[in-house]
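Numbering (UniProt numbering), first residue to last: 1 to 53.
Here is the structure we will look at.
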Amino acid sequence: MTPHKSGTDNLPAGKYIEVGPNGEKLEKEHIISIDRGDRLPPVKKAGNGWFRM
């Protein structure tokens, strides 16, 4: 499964974790919570994405 890109909306509400380009965990975790209809925020490094926890 590929990570969701920053700015994606209409995803299920919940917690998301920032991952590397290949879905690998990052050294410093970045976990966010979004509500229904919210967009995913920008990632810390280009190429990263978001996975739902």
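By construction, the Cβ of each residue, glycine as well, lies at the ideal position given by its N, Cα and C atoms.
Among the candidates the options, whose CA atom is the shortest distance from the CA of residue i?
i	options	result
residue 20	41, 52, 45	45
residue 38	2, 14, 24	14
residue 18	2, 31, 35, 47	31
residue 29	12, 11, 48	48
residue 58	23, 9, 22, 43	With the chain running from 1 to 53 in the structure shown, residue 58 is simply not present.
Bridge partners of residue i, per DSSP?
i	result
residue 4	50
residue 25	19
residue 14	34
What does a CB cutoff of less than 6 angstroms around residue i pick up in its chain, not counting 5 residues either side in sequence?
i	result
residue 7	39
residue 16	32, 50, 52
Among the residues of its own chain, which have a CB less than 7 angstroms from the CB of residue i, if the five just before and after it don't count?
i	result
residue 26	18, 19, 20
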